[in-house]
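Numbering (our numbering), first residue to last: 4 to 1011.
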């Protein structure tokens, strides 16, 4: 039997001792593993087993093929799933429609066995709704389809009566078709609309700075309107002395205003071209330092013919009537006559149909044109030429003519003949009207003749007066009259002149009073210019092995000959006139002669020693710099040397016996100013009289100035007479009136060079400060100036090797334009620069000075400059007082440090500086000063944009503060000052010592 669990628990509780009977009762209460448990002892076991199938029966059922056959006969065969005549699976409903059914997804196909998709049904309903909407009407007469059809037919009939399908019929009750509207728009789009300035405003001007205001300029470009939204400010720079320039101001498609600076020229200026997709606003003309007011660019419409002749111009809209219009070329044809004109076109001309004064009917040949001119000869006819070469086969009339060509054109006289067309002509001019003038425009026309024989540009010793500008003048034949002849009153510029192979003066001028300027003279055959009036030759260019002669027919005529650059292998100059302001190279293997020259001046950069073989009369060498030797004087020959620097390798002047009379003549050499004669041959005298007993060998030298020479004696027979004059008191002064006295040469360190006038330097021209130093002074700002306007170049520089010495300058003005003033490097850090009463005007930069011991300056003006002076290298000290700075650049710094700048002593400045926002006084910092209080500013005033306020301190001097230990800024306005330490004060007969601690507490101690 079993015992209850609670009883068992009680028997075996804590501190109780179960009995044997109790242990056995506990064991009997549970089944032992060796005992079988009867089914009736397990709850519901019998009932559960009764619900189960017998195993034998179940196994037999599994292998019975007829089991459940009735139920399977009603099911689909899965093999037929998705097959034809099978069944469609239901796993994807949309797949049944699209894959297993015949559907139609449009409203066109049709079919009685097809299914229409719901989407097409939706579209069908939309169309039905649309039709219902269209058919709906509040007009009872138009609420059926038939009524609408009838109304449309009626409207179509009416439109056929009012629509026009062309652009010519017209009618105020008619209407254009859409196609004609399209054609009309195409025609309108094809109408030419020039780019133009619609509205403009006059710019404001302060000195040379011009401001074009925002929204002041509206332009029409490519039929679109553009307006500037920002102001445009520009500074127009001055041109070099005597040079001209035109600058362009224009607006582009972005509405931005810009500037193009023109090219400087000594002659006519060429205006810059307006860029594509831009419209010009104004031109600004510059002549030297003079800058004119901007001139607005006219927006007038100008119509010109192919020769460039303006037929008419308009400044407003105009209506054209009775003119022919070429629609393919968009051209309006206007036939108009140009009074007193004739037109020549070597390609399109026709001598048969040509008419004088009609640009539409030009001539083809010059002979036909000349024959068509009227017999009246007083008026001036303008001949417009279109063609690269015009063969002149008949002589030209010596009447008033003006020649115009817009492209390079050559008038070739090689085949020029008499009127019979057979006989060779001697002169290419057929007749001559006294005072007749030929004028050449546009610098495009050349005159040539390659005829070998006699074919001169003249008429029996006369010729027309020539005016204007000829590109090439090259006549290769002539006689005693020469090949080319100029006549009185001529004022002509020849760009390229060629001499003649004939053994005659190729340019022979028997009359006076004309001016000839030759830019490039090509010396091919060594023929002379026989000249009787003023002539200027810029460049003489040797071709071949020839020499060049320049002669005067009449020695009584005093004229001026100015020769520029000469490069020759042999040159004979024989003018009894003046060779002035010579600046060039004589590179010769044979002697160069100055026979008969009255005045010779300039810089002769020669590889040989020019010789004056025989001198009879007075000859002056003024401001002559270069080599010279063997000037032989005979008869009454006298020589004057004035402010010359001469190198000679033999006798400079030799007195000779007259080869004709054998008479004894008196010869005098006169010196004026300061003359330096460097004798390179120790065995030669400077002045020498040829040995002989039949004449006086004495040479009298009258000295009104100073002769400086390395020779111990002027000559054994020289009688030197020193004339007392005020100049003797300033024997070390040399007056500079030409840049040739300063540039590209070794200047003397013991001479005071005094600039008298305005000196303008060009590209590659410098004032070189030698290692021995230079003193350069003037007569004041208005009287003495050195100007230069070359980007990237300075006015002053040092020698090629070594460095510079002391530089002292005063009473002079410097203007470096687009360049800088200084580029100097002290040779050994022991020299000084002194400047007094100096002005710097319109300088892009004052430049750089490196490694000088000391700079001292007083009364220096810096006006209109963009940037200041860089102090490079090691300096002992720098002091400047009464420094005035006005209109200084917005991005400039007056005093700048370099990477190696250091001061071992004070930098002291007393300055009045006025400028715009952004301009600085200095970028110094405390690292460049080796001791305390070396950066000193005193008695100064700083003004920024018209305001004097110490709040501008950091903007003016950004890298160091006034209370830095290296600073000492006192008694000045416009910047903060260095705090002054206070120590002893006296009051009521007592002396107090004041001190302040780190917290700012002041204490006083009686030290009386």
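Even glycine gets a Cβ: it sits at the ideal position worked out from N, Cα and C.
No experiment lies behind these values; they were computed from the predicted model shown.
- Between residue 722 and residue 776, the C-beta spacing is not below 7 Å.
- Between residue 201 and residue 221, the C-beta spacing is below 7 Å.
- Cβ neighbours of residue 408 within its own chain (closer than 7 Å, five residues either side excluded): 388, 445, 447, 448.
- Annotated three-state conformation of residue 542 is strand, per DSSP.
- Contact check for residue 682 and residue 651: beta-carbon distance about 6 Å, within the 8 Å limit, so the pair qualifies.
- In this structure, the straight-line span from the alpha carbon of residue 248 to that of residue 939 is close to 45 Å.
- Collapsing the DSSP output to three states places residue 848 in a strand.
- For the pair residue 887 and residue 851, the Cα-to-Cα distance works out to about 19 Å.
- Residue 58 carries a helical assignment under DSSP once its states are collapsed to helix, strand and coil.
- Within its own chain, the residues whose Cβ lies closer than 6 Å to the Cβ of residue 918, once the five positions on either side in sequence are excluded, are 891, listed in chain order.
- Taken atom to atom, the span from the alpha-carbon of residue 791 to that of residue 240 is near 12 Å.
- In chain order, 871, 923, 926 place their CB closer than 6 Å to the CB of residue 896, counting only its own chain and leaving out the 5 sequence neighbours on each side.
- Following the DSSP letters along the chain, one finds residue 154 inside the alpha helix (DSSP H) bounded by residues 148 to 165.
- Less than 7 Å divides the Cβ of residue 49 from the Cβ of residue 42.
- Of 703, 946, 908, the smallest CA-CA separation from residue 914 is found for 946.
- In the three-state DSSP reduction, residue 980 falls in the coil class, being neither helix nor strand.
- In the DSSP assignment, residue 658 falls within the unbroken beta strand (DSSP E) covering 656 to 658.
- Membership of residue 200 in the beta strand (DSSP E) is indicated by the continuous run 199 to 202.
- Its Cα nearest to that of residue 811, the residue 781 stands out among 781, 700, 620, 23.
- Counting C-beta atoms within 10 angstroms of its own C-beta, residue 33 has fewer than 16 neighbours from the protein chains shown and is therefore classed as exposed.
- Around the Cβ of residue 834, a 10 Å sphere holds 16 or more other Cβ atoms; the residue is buried.
- Here DSSP, grouped into helix, strand and coil, assigns residue 633 to coil.
- Between the region 394 to 406 and the region 425 to 437, the count of Cβ pairs shorter than 8 Å is three or higher; the stretches touch.
- If you look at residue 814, you'll find it in the beta strand (DSSP E) that goes 810 to 818.
- Here residue 670 carries a coil assignment [DSSP, helix/strand/coil].
- The way I'd put it, the region 377 to 385 doesn't touch the region 410 to 421; fewer than three beta-carbon pairs between them come closer than 8 Å.
- Distances from the alpha-carbon of residue 265 to those of 258, 257, 243, 216 put 243 closest.
- Counting every other CB atom within 10 Å of its CB across the protein chains shown gives residue 149 a total below 16, marking it as exposed.
- Contact annotation: residue 912 and residue 883 have beta-carbon atoms nearer than 7 Å.
- Annotated three-state conformation of residue 373 is helix, per DSSP.
- The C-beta distance from residue 874 to residue 908 rounds to 13 Å, too long to fall under 8 Å, and the pair is not in contact.
- Of the residues 643, 641, 605, 620, the one whose Cα lies closest to the Cα of residue 630 is 605.
- Annotation: the continuous beta strand (DSSP E) that includes residue 451 extends over 448 to 452.
- Counting every other CB atom within 10 Å of its CB across the protein chains shown gives residue 128 a total below 16, marking it as exposed.
- Of all alpha-carbon atoms in 230, 706, 207, 224, the one lying nearest the alpha-carbon of residue 236 is that of 207.
- Collapsing the DSSP output to three states places residue 15 in coil.
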